[in-house]
Amino acid sequence: MKAIRIKKKKKSKTLKNEPSSLHLLDQIYNNPHFHDIVFLIGKEETKAYGHKLVLSMNSPIWKGMFYTQEWMETKERDKCLVRIPDLDPKVFLGFLEWIYTRKAKISHTTIYGIYKLAHKYCIPDLKKYCTGHFRKILNGRNCLRHAERSATEGISKWHKISLKYLMQNSKKFMNNSKCFIGLREETVRSILEMKDLNCEEILVFRALKRWAENIQNDLIKKNKTKIYELILINPDQKKITARKLVKKYLHLIRLDLMDFNHYNELIKSGYYDHTILLKEGFKVVKKFDLKAKTKSRSGPQLSDCKILLVGWCRSGETHVSDLIDSLKSGGIENVTHMDPTVNLPSLKAMLRYDAIVVRSSNVNSIRKGGNLGSNLAKYVDAGNGVIVIAINTLINSPDKQIRGKFQNQNYIPLKIAERERSEQRSLGKVFIPNHPIMRDVKTFKCKDYTHFIKTNDLNGGRIICSWDNGYPLITEKRRNDKSGIVVCFNFHPISTRITNDCGKAWLQDTDGNLIFSNTLSYLIKDKLSQKNPKKKIF
Numbered sequence: 001m002k003a004i005r006i007k008k009k010k011k012s013k014t015l016k017n018e019p020s021s022l023h024l025l026d027q028i029y030n031n032p033h034f035h036d037i038v039f040l041i042g043k044e045e046t047k048a049y050g051h052k053l054v055l056s057m058n059s060p061i062w063k064g065m066f067y068t069q070e071w072m073e074t075k076e077r078d079k080c081l082v083r084i085p086d087l088d089p090k091v092f093l094g095f096l097e098w099i100y101t102r103k104a105k106i107s108h109t110t111i112y113g114i115y116k117l118a119h120k121y122c123i124p125d126l127k128k129y130c131t132g133h134f135r136k137i138l139n140g141r142n143c144l145r146h147a148e149r150s151a152t153e154g155i156s157k158w159h160k161i162s163l164k165y166l167m168q169n170s171k172k173f174m175n176n177s178k179c180f181i182g183l184r185e186e187t188v189r190s191i192l193e194m195k196d197l198n199c200e201e202i203l204v205f206r207a208l209k210r211w212a213e214n215i216q217n218d219l220i221k222k223n224k225t226k227i228y229e230l231i232l233i234n235p236d237q238k239k240i241t242a243r244k245l246v247k248k249y250l251h252l253i254r255l256d257l258m259d260f261n262h263y264n265e266l267i268k269s270g271y272y273d274h275t276i277l278l279k280e281g282f283k284v285v286k287k288f289d290l291k292a293k294t295k296s297r298s299g300p301q302l303s304d305c306k307i308l309l310v311g312w313c314r315s316g317e318t319h320v321s322d323l324i325d326s327l328k329s330g331g332i333e334n335v336t337h338m339d340p341t342v343n344l345p346s347l348k349a350m351l352r353y354d355a356i357v358v359r360s361s362n363v364n365s366i367r368k369g370g371n372l373g374s375n376l377a378k379y380v381d382a383g384n385g386v387i388v389i390a391i392n393t394l395i396n397s398p399d400k401q402i403r404g405k406f407q408n409q410n411y412i413p414l415k416i417a418e419r420e421r422s423e424q425r426s427l428g429k430v431f432i433p434n435h436p437i438m439r440d441v442k443t444f445k446c447k448d449y450t451h452f453i454k455t456n457d458l459n460g461g462r463i464i465c466s467w468d469n470g471y472p473l474i475t476e477k478r479r480n481d482k483s484g485i486v487v488c489f490n491f492h493p494i495s496t497r498i499t500n501d502c503g504k505a506w507l508q509d510t511d512g513n514l515i516f517s518n519t520l521s522y523l524i525k526d527k528l529s530q531k532n533p534k535k536k537i538f
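Residue numbers (UniProt numbering): 1 to 538.
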């Protein structure tokens, strides 16, 4: 019998990276051809061209507006006209650009207007995009200004983000001679009421004093009542002095966090009544050792902490710099990168840092991988915290693993397994909602597809949150009461901020930066709490 040959069907050839119709929308953005609606923006009626179908697909408000009988009958020269006289053309064009291209040129002057338009027309994805950009542009120079404006614009989420940034970097803000000057009274009060200011209490008093004295000096020089309306809650008070303003908020200054020298400064300032201070404050102040360091309202000053990033990356410095930017997002400025293929950190070098992030290793450093793992184990045993990126260090390949005591004696809260490539995944179940790492974290999602270690074996640790397919996203483990915490991130650590071509990167308009900053803050505060055995994290 002759063998029957089965002819295989030839696969149809398709063009790689062939753009779909949706990817071509950027070609019709604000294009005067083929439009069916014209917006006249501002007093000068700047023209912006759009398409009712595209706008209606993005906003239910426009859908209900354009497809009504009343609207269809309103036409001028066969083109629908929409006049918006009270809007900046740059704001609307940025808003329109995002709708067509999912990108927008957002600046300090347009970000608030674009966010308010997204809120008005019910486009939550654009609001998330603006919030992600807001976190990116926030820095020490503009933090207070954004805290003020977000409050006046009614964007409470941005106001909280600004105040949190200020809280984490409060030492620098309070030391700045221009800090507080020109702030509204509501903002000053909200700062003074913070329970987590990471600076000496005397700096808070000095900032309050500068703010009040600046108002008094401006009133004396300019003699303008408008200053009352801009700064003070009660503008009806025609006679206001720095002493009255300071005394109004003295109850928010924590005397129990000051030392004896600071107590003398309060007396000399003249803002405290000497007899009252003796009765209420000296009983607390005299208990302090004259050589003791002053305390802050809440633990460590993150801007003063040192973070070590250990990792090799074949994609070059761009991926490393993006990860460093994510680590710095919470106000941590001192981040050092060590490539284990060039310089393997010793235990002595590790102990100079407040926390370590282990991104990856490779075959060239694995010859000393046992030393790296042993040093990390001793570092954790000394009460320090470590973040491990699972997809680079826990894959089922000896050339990539950390090895040594750190791996062999189960320090990592996830077992070694195969790396899985799945469809786009997002944040699933949060098992510990009140965990410090999950504070204010709402969304987390990858761009096109997701890399993760496919295992549910927590290796004696506990799961904090998972992917929407049930596999662990973030886990943690503490081996004993004296050791530090090891946190495991089961996701690719790079964001779409550096490139949109990396499909496994997490979307920058989600809360990836917040996860990094929360985790580092959690590990550093836990390190300090080890000095007090009565205080346990879990």
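Note that the Cβ used here is the ideal one computed from N, Cα and C, for glycine as well.
| Asked | Found |
| --- | --- |
| Where D78 and G50 are concerned, what is the direct C-alpha to C-alpha distance, given to the nearest angstrom? | With a pLDDT of 47 at D78, under the threshold of 50, the modelled position of this residue cannot be trusted, and the question is left open. |
| Go ahead and pull the three-state DSSP assignment for M338. | strand |
| Please tell me whether L347 has its Cβ less than 7 angstroms away from any Cβ of chain C. | Among the chains in the structure shown there is no chain C, since it carries only a single protein chain. |
| For K238, name the three-state secondary structure that DSSP assigns. | Bear in mind that the predicted position of K238 carries a pLDDT of just 45, short of 50, making it unreliable; the figure below should be weighed with that in mind. In the structure shown, K238 sits in coil (DSSP, three-state: anything other than H, G, I, E or B). |
| Can you grab the Cα-Cα spacing for the pair R359 / I389, in whole Å? | 5 angstroms |
| Assuming W98 is part of the beta strand (DSSP E), what are its boundary residues? | Looking at the DSSP string, W98 is not in any beta strand (DSSP E); the run it does join, the alpha helix (DSSP H), is 89 to 101. |
| By how many angstroms is the C-alpha of V357 removed from the C-alpha of T241? | 51 angstroms |
| Beta-carbon within less than 7 angstroms of E213's beta-carbon, same chain only, minus the 5 sequence neighbours each way: which residues are those? | A242 |
| Report the three-state DSSP secondary structure of K226 (helix, strand or coil). | With a pLDDT of only 47 at K226, under 50, the local geometry of the prediction cannot be trusted, and no value is derived from it. |
| Run through DSSP, which three-state label would F491 get? | coil |
| Measuring only the C-alpha atoms, how far is K527 from T187? | 32 angstroms |
| Check this for me: beta carbons of I99 and C130, under 7 angstroms apart or not? | no |
| So what's K268 in DSSP terms, helix, strand or just coil? | helix |
| Kindly confirm or deny that the segment 461 to 477 and the segment 403 to 422 touch, where touching means at least three C-beta pairs closer than 8 angstroms. | yes |
| What does the Cβ neighbour count give for Y379, buried or exposed, with the cut at 16 atoms within 10 Å? | buried |
| Can you find at least 3 beta carbon pairs, one from the segment 423 to 436 and one from the segment 399 to 409, that sit closer than 8 angstroms? | no |
| N459 to A382, Cα distance in whole Å? | 21 angstroms |
| Here's the rule I'm using: 16 or more other beta-carbon atoms within 10 Å means buried, otherwise exposed. How should V487 be labelled? | buried |
| Taking Cβ positions, are S190 and I123 nearer each other than 7 angstroms? | no |
| Can you round the beta-carbon distance between Y115 and I155 to whole angstroms, since I take them to be within the 8 angstroms contact cut? | 7 angstroms |
| Count the other CB atoms, across all protein chains shown, that sit within 10 Å of the CB of S466; report buried if there are 16 or more and exposed otherwise. | buried |
| State yes or no: is the C-beta of C305 within less than 7 angstroms of the C-beta of I485? | no |
| Tell me the residue span of the beta strand (DSSP E) that contains W467. | 462 to 467 |
| Between which two residues does the alpha helix (DSSP H) containing H133 stretch? | 124 to 137 |
| Can you look up P60 in the DSSP assignment and give me helix, strand or coil? | helix |
| Once the 5 residues before and after G373 are set aside, which same chain residues still bring their CB inside 7 angstroms of it? | I402, R403, G404, K405, F406, Q407 |
| On the CB-based measure, 16 or more other CB atoms within 10 Å of its CB, does Y449 come out buried or exposed? | exposed |
| Under the three-state reduction of DSSP, which class applies to E423: helix, strand or coil? | strand |
| Determine the direct distance from the alpha carbon of I202 to that of P235, and round the result to whole angstroms. | With a pLDDT of 47 at P235, under the threshold of 50, the predicted position of this residue should be treated as unreliable, though the coordinate-derived value follows. So the alpha carbons of these two residues sit roughly 29 angstroms apart. |
| Could you tell me the alpha carbon to alpha carbon distance between K103 and L117, rounded to whole angstroms? | 15 angstroms |
| What does the Cβ neighbour count give for P85, buried or exposed, with the cut at 16 atoms within 10 Å? | exposed |
| Do G461 and K482 have their beta-carbon atoms positioned less than 7 angstroms apart in this structure? | no |
| Under the three-state reduction of DSSP, which class applies to T496: helix, strand or coil? | coil |
| How would you label M167, buried or exposed, when you count the other beta carbons within 10 angstroms and need 16 or more for buried? | buried |
| Please report the distance separating the alpha-carbon of W158 from that of R135. | 9 angstroms |
| Suppose contacts are defined by Cβ-Cβ distances below 7 angstroms. Is N513 in contact with I437 by that definition? | no |
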